[in-house]
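Reviewing the structure listed below.
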Amino acid sequence: MAKRFGDDIRKQGFIGDKDMGKERKIRVLAAKPGLDGHDRGVKVVASALMDAGMEVIYTGLRQTPSQIVEAAVQEDVDVIAMSILSGAHDYLFPKVMDLLAEKGIKDILVIGGGIIPDEDIPALQASGIAAIFGPGTTTGEIIQYIQENIPV
Amino acid sequence: MPNQNDPSNLEAVLKKWSKEVEEKVKKRPERKPEFVNTSEIPINRVYTPLDLSDEDYLSEIGLPGEYPFTRGVQPTMYRGRYWTMRQYAGFASAAESNRRYRFLLDQGQTGLSVAFDLPTQIGYDSDNEMALGEVGKVGVAIDSLRDMEVLFNEIPLDKVSTSMTINSPAAILLAMYMAVAEKQGVPMEKLRGTIQNDVLKEYSSRGTYIFPPKPSMRIITEIFSFCSEKIPFWNTISISGYHIREAGSTAVQEVAFTLANGIAYVQAALDAGLDVDRFGPRLSFFFNAHLDFLEEIAKYRAARRLWANIMKERFNARNPKSMMVRFHTQTAGCTLTAQQPKNNIVRVAFQALSAVLGGTQSLHTNSMDEALCLPSEEAVQIALRTQQLIAYETGVTDTVDPLGGSYYVETLTREIYNRAKAYIEKIDEMGGAAEAIEKGYIQREIQDSAYTYQREIEKESRIVVGLNRYQTEEERPGDLLRVDPSVQKEQTRSLEELRSERDNDKVKQSLKALETAARGTENMMPFILEAVRSYATLGEICDVLRGIFGEYQQVNTLGN
């Protein structure tokens, strides 16, 4: 049986044992907020993060901000990486930050990517998004950014 | 004296030549030890008549307008008339988009192509919670017939052909278009255009699905059946490789997965009792124009030949029109760079030229600024001018299939044909395209190719000019086209107005009748048309169907 989004994520078995006795792997929630169906970028980034030894939980398409925040809490992630190419980042990214703040969560690094005009970046950063990665970003840059900026 | 045309003589000459060149290459190596394209097809140093020595010209290639249509679907191609220049457009409100369409028509565009926003594509009204932040962003927001009337205001529907990129709710938007035509007094047999209506690639590549595969396939076949009676010249589906390629596939995968989806639609229609030569001629296709110029040309030629074979041999079509791949092309959005965006004008020009040399029936050329934002009017104009330059200035349109007979192009055509056919056989073994998607096979193949492509860019074994080579310090262009955020408010207000002004009893009755049809086996199209005429909204109609058919849950193909 194929795994489906909406199935219990923990039963899907693509998260390794959380405590291997050694240092914990970085846990990342890769998320697609809103109705956008472009998932090439998010899947490429998720694959690269996995190859770099991180544990990645991918939400699948069409997630509301509250679903994303809920999944982040449930999965106890260190990073939320969101991707939007539909132009709805101006509404959806800050909404996720609002919901995190409501829950008093401050120790998750939130980053975003997609087709996002430069002039929108300051407002997104003011809302608490740590960094925005536009077209042409290498997966190497994203990996390095996460490794260097993850809250300890 | 040996005969110049004797193949054994050529073989000997080529052998000698190759040996000499190998010696030279040892001293002065070529750029790479191996040349392989993205479809993993090895590329030889040179191609000669020997590569085609076993070719049966008439059965593999033939003449333009004749089976297997390798050289094109019409006998005169662009000597008769140019392709339809059709720029995909739509944003914000119906009134705003109507202005853009009239601008494009004024600039010499010959067909319309409607982009709908995501809530419309996924069957939500603009005031739905799921629509927050998305209204009017990637296309025009259409909530009811009232918006559609504004969208085509003063555009005579008997004079233009209109392509609508709409899939899961295609039946509803088509019904709205028909209702607008009724109001304009245009007879149905005068309507020309296309609905995308290709849900299988939504599951695998594009993401705007609503219902599960089974009811979706039912809706699609009902559209085939309804249209063959009511709007005979409408293209009932545009079987799309474009988005499969955008999601990261290779050229071979694009052909294979598109035609595999096509097979699934034909089979579903046959299973519903339709006649292949009734609906077959109205099937149309949509391909991507990517970077590898000659591979792309070969791809279109291979797709034509393979589909012709499938329709004739597998589905026993008799009407040659059922065997023709008539297709729209769009240049590859995924190849545009945000860096040095003016370079995109040149990329698009080469891509558009490959589509023309490949025999496309209509074409959209991307605008240079699309890796940054929605295209500005100036950028769209250059994109349209690119097509006009190819048509009027380059001379490539004066003979049919000018690259036919090129040893390389013919070899590649054959190679793509064979490799795509092998994929289709594999998909057949899985039980067809819908099953292969349910197993996650097609998605995995595509995402693996996308990952490989990205790694090549990062390893710099693939050069993208301005991105990983010849970079410059640059300032990003400001003054980008933005969608006015008040669109959502305005749509919400006008929905409220509509709900208070329309005859709500009539709406209720029409939705009830649709529900009964959907639960039974009757063709739903006439009921959808009736609901649309009563000004039921898109969201209301989709809610009825969602209530009966449920919603699709995507297969997760990431990880193990």
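Protein chains in written order, with this note's numbering: chain A, 1 to 152; chain Z, 1001 to 1560. Just so it is clear, CB atoms sit at the ideal spot from N, CA and C, and this is done for glycine as well.
query, result
"Distance, Cα to Cα, residue 1426/Z vs residue 1338/Z?", "38 Å"
"For residue 118/A and chain Z, any beta-carbon pair shorter than 7 Å?", "yes"
"Run through DSSP, which three-state label would residue 1348/Z get?", "helix"
"Taking 7 Å as the CB-CB cut-off, is residue 1078/Z touching chain A?", "no"
"I want to verify the contact list: residues of chain Z whose CB lies under 7 Å from the CB of residue 136/A, in sequence order.", "1337, 1338, 1339 and 1467"
"Should residue 86/A be flagged as near chain Z, meaning a C-beta pair shorter than 7 Å?", "yes"
"Using only the alpha-carbon positions, how far apart do residue 1144/Z and residue 1481/Z sit?", "26 Å"
"By the DSSP assignment, the beta strand (DSSP E) with residue 55/A in it spans what residues?", "55-58"
"Quick check: residue 135/A and residue 82/A, are their CB atoms within less than 7 Å of each other?", "no"
"If you draw a straight line from the alpha carbon of residue 1167/Z to that of residue 1546/Z, how long is it in whole angstroms?", "15 Å"
"CB-CB under 6 Å to residue 1462/Z, same chain, minus the five flanking residues each way: which ones, in chain order?", "1456"
"Our contact map puts residue 39/A next to residue 86/A with C-beta atoms below 8 Å; I'd like the distance itself, whole angstroms only.", "That pair is no contact at about 12 Å."
"Taking C-alpha atoms, which residue in 1246/Z, 1063/Z and 1535/Z lies nearest to residue 1206/Z?", "1246/Z"
"For residue 85/A, does the three-state DSSP call read helix, strand or coil?", "coil"
"For chain A, find out if any of its Cβ atoms is closer than 7 Å to the Cβ of residue 1196/Z; answer yes or no.", "no"
"Quick check: what's the CA-CA separation for residue 1259/Z versus residue 1390/Z?", "29 Å"
"Thinking C-alpha only, which one of 1076/Z, 1181/Z and 1243/Z is nearest residue 1332/Z?", "1243/Z"
"By DSSP, does residue 1037/Z sit in helix, in strand, or in coil?", "coil"
"Sorted by chain position, which residues of the same chain lie with C-beta nearer than 6 Å to residue 1190/Z's C-beta, five sequence neighbours on each side aside?", "1158"
"Is there at least one Cβ from chain A nearer than 7 Å to residue 1377/Z's Cβ?", "no"
"Considering only residues of the same chain and omitting the five flanking positions on each side of residue 1174/Z, which have a CB-CB separation below 6 Å?", "1195"
"Quick check on residue 1290/Z: does DSSP put it in helix, strand or coil?", "coil"
"Against residue 129/A, what residues of chain Z qualify as contacts under a CB-to-CB distance less than 9 Å, listed in chain order?", "Those within 9 Å of residue 129/A in chain Z number zero; the least Cβ separation is about 15 Å."
"May I have the straight-line CA-CA distance separating residue 1407/Z from residue 43/A, to the nearest angstrom?", "38 Å"
"Just reading off the alpha helix (DSSP H) that residue 140/A is part of, what are its end residues?", "139-149"
"Across the stretch 1062-1074 of chain Z and the stretch 1437-1451 of chain Z, are there enough close Cβ pairs to call them in contact, namely three or more that are closer than 8 Å?", "no"
"What are the residues that DSSP puts in a beta bridge with residue 1368/Z?", "For residue 1368/Z, which the question treats as bridged, DSSP gives no partner whatsoever."
"Work out the CA separation of residue 1103/Z and residue 1181/Z for me, nearest whole Å.", "21 Å"
"Is residue 1114/Z closer than 7 Å to residue 1136/Z when the C-beta atoms are compared?", "no"
"Rounded to whole angstroms, what is the Cα-Cα separation between residue 1248/Z and residue 28/A?", "23 Å"
"Decide if residue 9/A is buried, meaning its Cβ has at least 16 other Cβ atoms within 10 Å, or exposed.", "Note that residue 9/A scores a pLDDT of 37, beneath 50, so its modelled location is shaky; the value from the coordinates is reported in the next line. It counts as buried."
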